[in-house]
Amino acid sequence: SNQYFETSPDLGDSSKTVRMWIIGDYGGGNTNQANVRDAYLEFNNGKHMDVLLTLGDNAYDDGRDDEYQTTVFDMYPNIFRNTVIWPSPGNHDYGSAHPITPLGAGPYFDNFTMPANAEAGGLASGTESYYSFDYGNVHFISINTEEYAYNYTFPLTVTIDHLPAMLTWLEDDLAANTNKDWIIAYLHATPYSRGTHTESYSGTDLIKIIDGSVMRSTRDYMVPILENYGADVVFGGHSHVYERSYLVYGNYEAGGTYPPDSMVINAGSGIASQCAAYKKSSTGPNPNRGTVYCVVGCSAKTGDLGSDNQLDHELHFKAAYELGSMVIEVNDNRLDAFFIDTSGAIFDEFTIIKDGTINNAPVAVDDAASTDTSTLVSVKVLLNDNDCNGDSLTATISTGPSNGTAVANGGSIDYTPNSGFSGIDSFMYVICDNGTPVMCDTATVAITVTPGFVGMADMLSLNEFSIYPNPFTNSFEVEYEIASSGFVSLEIYNMVGQKISSIVSQDQKRGRYKYTIDEFQIGPTTGTYLIHFNTQNSSIVKRIVRL
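Quick note on our numbering: the sequence shown kicks off at 17 and runs consecutively.
Laid out in structure tokens, this is it:
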């Protein structure tokens, strides 16, 4: 049954992996929303989700009770049966109007029960509008960007004042939770975006002016507090886009308690497999400094480059009008984040490491070689393999060849074909590093074995064989002449021994033949291919390169 609950780990327990799903601007009740949900379920592959964070605009268009039923509860019936939801409100939950309408956000507060009195950890806020909680070694903060006062001066000046009580509580909560390993904050009006909404809007549309003012207020008054206390990741929505920053600090205007510093602490990708994970230290002159900002307002709708902003924010490493959601896994001193698109693939990822290092897996690259029948060839497999940590590597055979023998010999593997065999053989090898823990990767070696000589019978059977042009771009021609009738095969293989296409496989009479082979037969991939031509008495293997 999928109707169950899982109790929370002990406070501060870092031994359990904490898994989260983050969706923003998700309550569309449309195919996009369903596709994002299904892609997440495929990626998650049945693992239990500990925490579900929502980034506001939970129910379009106006946050009415009937909209919550159709766009929220009807969309996630199986998930909600075993998962705790920790929401934050968006402008559409308040009726999509600024300032807040007298109707308020009643259904939002009716449908969700938030821990106003610190029932789940953190500091009591005294209101369900904003709150905090703990799960394992992670401290979470839900911030409400939609309750504010504003001053409007004709024609185009808008000043936003977020609730002073919330800002005071936010700082007090963070000050009381400095012993937590991880701090994750989430809200609706994201502080940094160049998507369908932006904090830098300078046009004359009043609604966009207000939007930009709310986002700037988030940036200039909430971000400094979060960063001063070492927030690790801040999730936002509102802008219907996916954007992800570098590890940054101090990028806001003066006005709050903490002066701006405008730093990109690490301008790398943050991708662990590239040895580029972001690193934070709890000691030193600037402990816990650095935050990654993720805009995930794309779990039901996105903008487009034709009519919206050009996704050119200077703080962002990655940005796209892409539907999807985020998955976060925290284990001890490591946080891994993945943006999952509607195909279920990882569109973006980053890792943060605290007070330590990680051992990345080496990368094994497929190899190819050629030899004559019964002749040994030594393949230097480690030459194109690498380990970004600089660990030493060892190679061993994992799956042997079918038509020969393979023996690991240091950084090489010696292959000897069986007597009389010609064609393509292959084997697999694994490389492992000497790091902690030991990490490994696997690759394939394809060996082309050609006859050692052409005998008189072969010469009588085959007068001429040619391929042109070589290299080629879109198509090439194979031309040959056979001296006697018999069975002929003409096949194309890639460099790992997989057959790509069969051009000829039939009896042919003596004579000259010519075939044009185009991209529909060989596929769109550039690289090196092998042409196998066989008659009853002869065998030829030639390489051809597609540019």
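Yeah, the Cβ is synthetic: ideal placement off N, Cα and C, and Gly gets one too.
Endpoints, beta strand (DSSP E) assigned at Ile-463 = Here the question's residue 463 lines up with position 447 in the sequence shown. Per DSSP, Ile-463 belongs to the beta strand (DSSP E) from 456-466.
Within 8 Å, strictly: CB atoms of Asp-401 and Ile-447 | Reading the sequence shown from its first residue, position 385 is the one you call residue 401. Reading the sequence shown from its first residue, position 431 is the one you call residue 447. At the C-beta level, Asp-401 and Ile-447 come within 8 Å of one another.
Tell whether a beta-carbon distance below 8 Å holds between Val-174 and Ser-229.
-> On the sequence shown, residue 174 is found 158 positions in, with the first residue counted as 1. On the sequence shown, residue 229 is found 213 positions in, with the first residue counted as 1. Closer than 8 Å, so yes.
Within 8 Å (strictly less), CB to CB, does Ser-521 reach chain C?
-> The structure shown has no chain C; it contains just one protein chain.
Are the beta-carbon atoms of Ser-414 and Thr-466 separated by less than 8 Å?
-> To locate residue 414, count along the sequence shown from 1; it is residue 398. To locate residue 466, count along the sequence shown from 1; it is residue 450. No, they are not a contact pair.
In chain order, what residues of the same chain lie with their CB nearer than 6 Å to the CB of Lys-334, ignoring the 5 residues before and after it?
-> Within the sequence shown, the letter at position 318 stands for residue 334. Close CB contacts of Lys-334 within its chain, under the 6 Å cut and outside five residues either way in sequence, are with Arg-260, Asp-364 (chain order).
Tell whether a beta-carbon distance below 8 Å holds between Leu-203 and Ser-104.
-> As a working note, residue 203 is residue 187 in the sequence shown. As a working note, residue 104 is residue 88 in the sequence shown. In this structure, Leu-203 lies near Ser-104, with their beta-carbon atoms less than 8 Å apart.
So, helix, strand or coil for Gly-91, using DSSP?
-> Taking the sequence shown and counting its residues from 1, one reaches residue 91 at position 75. Per the sequence presented here, residue 91 reads as Met, with Gly not at that position. Secondary structure at Met-91: coil, using DSSP grouped into helix, strand and coil.
Selection from Tyr-545, Ser-555, Gln-552 that minimises the alpha carbon distance to Leu-563 | As a position in the sequence shown, residue 563 is number 547, starting the count at 1. Considering only alpha carbons, the answer is Tyr-545.
Do Phe-128 and Gly-137 have their CB atoms nearer than 8 Å?
-> Here residue 128 refers to the residue found at position 112 when the sequence shown is read from its first residue. Here residue 137 refers to the residue found at position 121 when the sequence shown is read from its first residue. Not in contact: Phe-128 and Gly-137 (Cβ atoms no closer than 8 Å).
Just grab the DSSP bridge partners of Tyr-529 for me.
-> Here residue 529 refers to the residue found at position 513 of the sequence shown. Bridge partners of Tyr-529: Tyr-496.
Who pairs with Ala-165 in a beta bridge, going by DSSP?
-> Locating residue 165 in the sequence shown gives position 149, counting from the first residue. Answer is Asp-177, bridged to Ala-165.
Beta-carbon proximity of Ile-463 to Asp-441, cut-off 8 Å = Within the sequence shown, the letter at position 447 stands for residue 463. Within the sequence shown, the letter at position 425 stands for residue 441. Yes, these two residues count as a Cβ contact at 8 Å.
Since Val-379 and Ala-385 are thought to touch, with beta carbons under 8 Å apart, how far apart are those beta carbons, to the nearest angstrom?
-> For the purposes of this step, residue 379 is taken as the residue at position 363 of the sequence shown. For the purposes of this step, residue 385 is taken as the residue at position 369 of the sequence shown. Rounded to whole angstroms, the Cβ separation of Val-379 and Ala-385 is 20 Å, and the two are not in contact under 8 Å.
Extent of the continuous alpha helix (DSSP H) to which Val-280 belongs = For the purposes of this step, residue 280 is identified with residue 264 of the sequence shown, where counting begins at 1. Run containing Val-280: none in the alpha helix (DSSP H); it sits in the beta strand (DSSP E), 279-282.
For Asn-302, the nearest candidate out of Asp-66, Val-250, Asn-244 (CA to CA) | For the purposes of this step, residue 302 is taken as residue 286 along the sequence shown, with counting starting at 1. The shortest Cα separation from Asn-302 among Asp-66, Val-250, Asn-244 belongs to Asn-244.
Would you identify the three-state DSSP class for Pro-115, choosing helix, strand or coil?
-> The residue given as residue 115 occupies position 99 in the sequence shown. In this prediction, Pro-115 has a pLDDT of 47, which is less than 50 and means its spatial position is unreliable; what the coordinates show is noted afterwards. Pro-115: coil per DSSP, three-state reduction.
What first and last residue would you give for the alpha helix (DSSP H) that runs through Glu-58?
-> As a working note, residue 58 is residue 42 in the sequence shown. From DSSP, the alpha helix (DSSP H) with Glu-58 extends over 47-60.
What's the C-alpha gap between Ile-547 and Ser-500?
-> Reading the sequence shown from its first residue, position 531 is the one you call residue 547. Reading the sequence shown from its first residue, position 484 is the one you call residue 500. About 21 Å.
Do the segment 185-197 and the segment 52-66 meet, that is, are 3 or more Cβ pairs less than 8 Å apart?
-> No: fewer than three Cβ pairs fall under 8 Å.
So what does DSSP say about Thr-184, is it helix, strand or coil?
-> Here residue 184 refers to the residue found at position 168 of the sequence shown. Note: Thr-184 maps to helix in three-state DSSP.
Where do the ends of the beta strand (DSSP E) carrying Arg-235 lie?
-> If you number the sequence shown from 1, residue 235 lands on position 219. Premise fails: Arg-235 is in no beta strand (DSSP E) and is neither H nor E.
With DSSP as the reference, label Ser-521 as helix, strand or coil.
-> In the sequence shown, counting from the first residue as 1, residue 521 sits at position 505. Ser-521: strand per DSSP, three-state reduction.
Who are Ala-201's beta bridge partners in DSSP?
-> As a first step, residue 201 must be located in the sequence shown, where it is residue number 185. DSSP, once it has assigned bridges, lists Ile-157, Val-250 as partnering Ala-201.
Nearest to Ala-191 by alpha carbon, out of Ser-482, His-155, Tyr-529, Lys-515?
-> The residue you call residue 191 lines up with position 175 of the sequence shown. With distances taken between Cα atoms, Ala-191 lies closest to His-155.
Contact under 8 Å by Cβ, Pro-70 with Tyr-42 = Residue 70 sits at position 54 when you count from the first residue of the sequence shown. Residue 42 sits at position 26 when you count from the first residue of the sequence shown. Note that residue 70 corresponds to Thr in the displayed sequence, not to Pro. Result yes, Cβ atoms of Thr-70 and Tyr-42 sit closer than 8 Å.
Looking at the unbroken beta strand (DSSP E) that takes in Phe-443, where does it start and where does it end?
-> By one-based count along the sequence shown, residue 443 stands at place 427. 439-448 is the span of the beta strand (DSSP E), which, as asked, contains Phe-443.
Given Thr-23, which residues of its chain have a CB within under 8 Å of its CB, disregarding the five upstream and five downstream residues?
-> As a working mapping, residue 23 is identified with position 7 in the sequence shown. Excluding sequence neighbours, Thr-23 sits near nothing in its chain.
At a cut of 8 Å, does the segment 205-215 reach the segment 312-327 through at least three beta carbon pairs?
-> Taking a cut-off of 8 Å for Cβ pairs, the segment 205-215 and the segment 312-327 touch, as three or more such pairs fall below it.
Taking three-plus beta-carbon pairs below 8 Å as touching, is the segment 43-60 in contact with the segment 75-91?
-> Touching, yes.
Between the C-alpha atoms of Tyr-147 and Gly-219, what's the straight-line distance to the nearest angstrom?
-> Here the question's residue 147 lines up with position 131 in the sequence shown. Here the question's residue 219 lines up with position 203 in the sequence shown. Taken atom to atom, the span from the alpha-carbon of Tyr-147 to that of Gly-219 is near 34 Å.
Might you give, ordered along the chain, the residues of its own chain that have their beta carbon closer than 7 Å to the beta carbon of Tyr-265, omitting 5 neighbours on each side?
-> Counted from its first residue, the sequence shown places residue 265 at position 249. Excluding its 5 nearest sequence neighbours in each direction, Tyr-265 has C-beta neighbours in its own chain below 7 Å: Glu-243, Asp-277, Met-279, Ile-281, Arg-305, Gly-306, Thr-307, listed in chain order.
Could you give the residue range of the alpha helix (DSSP H) that holds Ile-538?
-> Looking up residue 538 in the sequence shown gives position 522. Segment 535-538, the alpha helix (DSSP H) holding Ile-538.
Unbroken beta strand (DSSP E) run spanning Leu-263, endpoints = Counted from its first residue, the sequence shown places residue 263 at position 247. Its beta strand (DSSP E) spans residues 263-265.
With DSSP run on the structure shown, which of helix, strand or coil describes His-332?
-> For this step, residue 332 is matched to residue 316 along the sequence shown. DSSP places His-332 in strand when its eight states are reduced to three.
Return the Cβ separation of Val-512 and Thr-460 in integer angstroms, given the expectation that the two are a contact with Cβ distance under 8 Å.
-> Working through the sequence shown from its first residue, we reach residue 512 at position 496. Working through the sequence shown from its first residue, we reach residue 460 at position 444. Their Cβ separation, rounded to whole angstroms, is 5 Å, which keeps Val-512 and Thr-460 in contact under 8 Å.
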